[in-house]
Amino acid sequence: MSIQIVSLGNHYNGLYDTEKTSVVGLYLRYILRSQDINESHPVFKVYQASLRSEDRVGIVAYECLDLDTFSCDLQSSLATLAGADIVVLNFGVENRPLFLEIKNNFAPLLKQIFSHRQSVPIIVLATGHRDSPSCTCPMCTSDRAMTVSSLEGLQLAKDIGLGATYLELLSFNSFYLKNNLYYFRELLEYYIMQTMKNKSSETREKKKNKVIRIQPPKLEQPVTMPVLKDEPSRYNTDIRKLLDQCHCVDVHFCTADLNPICGAHRVVLCSVSYGFMLLFDLIPAKEIHEFNLQETVRTYLSVYQEPTVSMNNTPVRVIVKDVHFHKCLPDILHFIYSGASQWQLLEHDLKEKLKDDEEADYVSHIVQSLLNKPGTDSHSGTPLSLSESIGFFFNNTSLADVVFQVQDTKIPAHRSVLAARCDVMAAMFSGSYMETNCALIPVHGISKDTFLNFLEYIYTDTVCPASIPEAMSLMICSEMYQVSRLQHICEGCITTQLQSMTSRELASTSLNVVSLLQKAKFYNFGSLYNWLLHFVATHYQIFSQKQEFQDLSGNLSLNCAVLLFLLYHNYMLHNTDSKDSPHIFAFIQVYYKRGKGSTALWPLSSVYDVSRVLFLCKWIYV
Numbered sequence: 001m002s003i004q005i006v007s008l009g010n011h012y013n014g015l016y017d018t019e020k021t022s023v024v025g026l027y028l029r030y031i032l033r034s035q036d037i038n039e040s041h042p043v044f045k046v047y048q049a050s051l052r053s054e055d056r057v058g059i060v061a062y063e064c065l066d067l068d069t070f071s072c073d074l075q076s077s078l079a080t081l082a083g084a085d086i087v088v089l090n091f092g093v094e095n096r097p098l099f100l101e102i103k104n105n106f107a108p109l110l111k112q113i114f115s116h117r118q119s120v121p122i123i124v125l126a127t128g129h130r131d132s133p134s135c136t137c138p139m140c141t142s143d144r145a146m147t148v149s150s151l152e153g154l155q156l157a158k159d160i161g162l163g164a165t166y167l168e169l170l171s172f173n174s175f176y177l178k179n180n181l182y183y184f185r186e187l188l189e190y191y192i193m194q195t196m197k198n199k200s201s202e203t204r205e206k207k208k209n210k211v212i213r214i215q216p217p218k219l220e221q222p223v224t225m226p227v228l229k230d231e232p233s234r235y236n237t238d239i240r241k242l243l244d245q246c247h248c249v250d251v252h253f254c255t256a257d258l259n260p261i262c263g264a265h266r267v268v269l270c271s272v273s274y275g276f277m278l279l280f281d282l283i284p285a286k287e288i289h290e291f292n293l294q295e296t297v298r299t300y301l302s303v304y305q306e307p308t309v310s311m312n313n314t315p316v317r318v319i320v321k322d323v324h325f326h327k328c329l330p331d332i333l334h335f336i337y338s339g340a341s342q343w344q345l346l347e348h349d350l351k352e353k354l355k356d357d358e359e360a361d362y363v364s365h366i367v368q369s370l371l372n373k374p375g376t377d378s379h380s381g382t383p384l385s386l387s388e389s390i391g392f393f394f395n396n397t398s399l400a401d402v403v404f405q406v407q408d409t410k411i412p413a414h415r416s417v418l419a420a421r422c423d424v425m426a427a428m429f430s431g432s433y434m435e436t437n438c439a440l441i442p443v444h445g446i447s448k449d450t451f452l453n454f455l456e457y458i459y460t461d462t463v464c465p466a467s468i469p470e471a472m473s474l475m476i477c478s479e480m481y482q483v484s485r486l487q488h489i490c491e492g493c494i495t496t497q498l499q500s501m502t503s504r505e506l507a508s509t510s511l512n513v514v515s516l517l518q519k520a521k522f523y524n525f526g527s528l529y530n531w532l533l534h535f536v537a538t539h540y541q542i543f544s545q546k547q548e549f550q551d552l553s554g555n556l557s558l559n560c561a562v563l564l565f566l567l568y569h570n571y572m573l574h575n576t577d578s579k580d581s582p583h584i585f586a587f588i589q590v591y592y593k594r595g596k597g598s599t600a601l602w603p604l605s606s607v608y609d610v611s612r613v614l615f616l617c618k619w620i621y622v
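Numbered as in UniProt numbering, the sequence shown ends at 622 without a single skipped number.
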């Protein structure tokens, strides 16, 4: 055990003393034989000594002889003073300026610091002798201007309050030194023993309360925090799959005698080539300044004019006029559906197919002329990716073959892109459903902004929800259409935004975390649900003060409900195979009985309905 003593002031009396000293310093040097003295501190001289070896009582004393240096490092000085177990105020009876400084500056400071620790002993120590007793007559002020009377010392101790003790000793010369130290030693060691008893009783009380108080289980975040999945992009694979499976084909390439070669999709072809835009009348010929491109399209391709008016979703037929070109067309389409960037692979495939380098170069030249589209980002000069190229058709009526009616808004789209990126859409447009041949499809239960965000991801492979509620709505939409990667992106948006919020923001936000937890449970978002459960348990002191938690827990004590919730959650973490209610109930009931009667843990005096709390816990977790 260690006792901290802070000594302020000195007993320097001008003519009688040659140096500034304090009684505490003399006591430590001459009585306790302290050799461990640290003078490097800017304010205090620090002594360390042992009172009794058998009691293992350590004394750490901080001595500040010159009160002017106390404010050199005010923050550190106040912290040292606030941590004191015993305080000694020193002044000489003939050093009135020091007495007045203690009275005017340090007495109010001590009252403020130790107002909540009134058991800290404060010793007001006056040293020196007066030549004659001071006159107490109100008319005689000359003596009081020079010396400090005993009555003034006693009044200072009373003004400080807190049980301060006034002690007056004679001068510390060689004659009185031994007796003075004896008197001071008896008083100081008495207070040291009292302080030791108080500290021992406080320690026992803390241990006793620690045994009674049941702390809620702490969930270690690195161990229990669920790891959310990060699914890689499948955009290029989805588009290539569209070509292989021939979903929603709206173009048939044919030979000159109308024999079919293969199917394709206009939105993909036009996304990589101005030539196909010109072929399908997406842009007028006058906007194409490259004459070679127009000549290439007229020479090698043409749209067959059907004799009768076809339906909206009937594929158009494109005649391939060159024999070598239509022979290599499957390889060329695979090249286009891969992003039209792997030229070396295309040249290799053409040479393998034609077995003639000149013919392969001839077909490669046709493809280069046909795909004469800038295809680059005007700012960076780099080729656009397939998702960026197809993304230009997002919410665009060009080549659109389906319209979604969402609330009061009509949103155009392309069946081929939807079928490639969403299996539910692929089944809807290729099966025996009403939507298969329907041009206008109503969408219910989803807001316009959420559905636009969903289509933006379908076309561009990227999305950035503006808020946590919008991310949750988009996640529900992605679950309806079974787009798993979008679900994981929304999970990441929700968790990232929640983790970036400070405790103050969590306390002041209007975001309803209970509603998020309810939706995650209802829609079976297992990873997000477990993450939110841990997040709520980790910050339960913040969330327990919110209205949604009060509504959820009914008339139960919220502290009790949260505690039992954590106990139940901790039980489930360690007993994942057992969900037997009686065992869980017994587990919670043990803590309930142990905590009963402890006002620190159970703030209400009434008996709690543990079964209702258990029901609440099961609703949240199971």
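Glycine residues also receive a C-beta, built at the ideal position from the N, C-alpha and C atoms.
All figures in this text were calculated on a predicted structure; none of them were measured in a lab.
Minimum C-alpha distance to residue i - residue among the options
i, options, result
"residue 399", "66, 496 and 278", "278"
"residue 123", "43, 407, 433 and 190", "190"
"residue 121", "188, 363, 474 and 48", "188"
"residue 441", "414, 386 and 342", "414"
"residue 333", "261, 255 and 475", "261"
"residue 457", "470, 549 and 483", "483"
"residue 182", "452, 340, 30 and 476", "30"
"residue 10", "73, 72, 495 and 97", "97"
"residue 314", "475, 244, 437 and 450", "437"
"residue 490", "168, 474 and 317", "474"
"residue 481", "450, 425 and 524", "425"
"residue 412", "439, 433 and 430", "439"
"residue 248", "108, 201, 418 and 282", "418"
"residue 524", "460, 549 and 478", "478"
"residue 511", "546, 485 and 25", "546"
Contact check, residue i vs residue j, beta carbons under 8 Å
i, j, result
"residue 638", "residue 70", "Since the first and last residues shown for the chain are 1 and 622, residue 638 lies out of range."
"residue 335", "residue 366", "no"
"residue 542", "residue 503", "yes"
"residue 273", "residue 392", "no"
"residue 534", "residue 229", "no"
"residue 127", "residue 6", "no"
"residue 4", "residue 83", "yes"
"residue 401", "residue 250", "yes"
"residue 125", "residue 88", "yes"
"residue 341", "residue 319", "no"
"residue 57", "residue 48", "no"
"residue 254", "residue 298", "no"
"residue 460", "residue 394", "yes"
"residue 404", "residue 451", "yes"
DSSP three-state assignment for residue i, whether helix, strand or coil
i, result
"residue 649", "Residue numbering for the chain in the displayed model covers 1 to 622; residue 649 lies beyond these limits and cannot be assessed."
"residue 282", "coil"
"residue 96", "helix"
"residue 300", "helix"
"residue 370", "helix"
"residue 4", "strand"
"residue 231", "coil"
"residue 252", "strand"
"residue 222", "Note that residue 222 scores 37 on pLDDT, short of 50, meaning its location in the model is unreliable; the coordinates nonetheless yield the value given after this. It is helical."
"residue 438", "coil"
"residue 405", "strand"
"residue 453", "helix"
"residue 198", "helix"
"residue 47", "strand"
"residue 168", "strand"
"residue 489", "helix"
"residue 330", "helix"
Own chain residues within Cβ distance below 7 Å of residue i, not counting five before or after
i, result
"residue 448", "406, 407 and 409"
"residue 239", "268, 337, 386 and 420"
"residue 99", "91 and 148"
Residues near residue i in its chain [Cβ-Cβ closer than 6 Å; skip 5 each side]
i, result
"residue 529", "520 and 521"
"residue 276", "269 and 270"
"residue 330", "262"
"residue 517", "532"
"residue 169", "127 and 180"
"residue 38", "46"
Nonlocal neighbours in the same chain, by C-beta distance under 8 Å from residue i, ignoring five residues either side
i, result
"residue 300", "320, 321, 322, 325, 366 and 370"
Self-check item: Cβ contact check for the stretch 32-51 and the stretch 228-245: 3 or more pairs under 8 Å
Solution: Counting Cβ pairs under 8 Å, fewer than three are found: no touch.
Self-check item: Touch test, the stretch 102-118 against the stretch 152-172, Cβ-Cβ under 8 Å, three pairs minimum
Solution: yes
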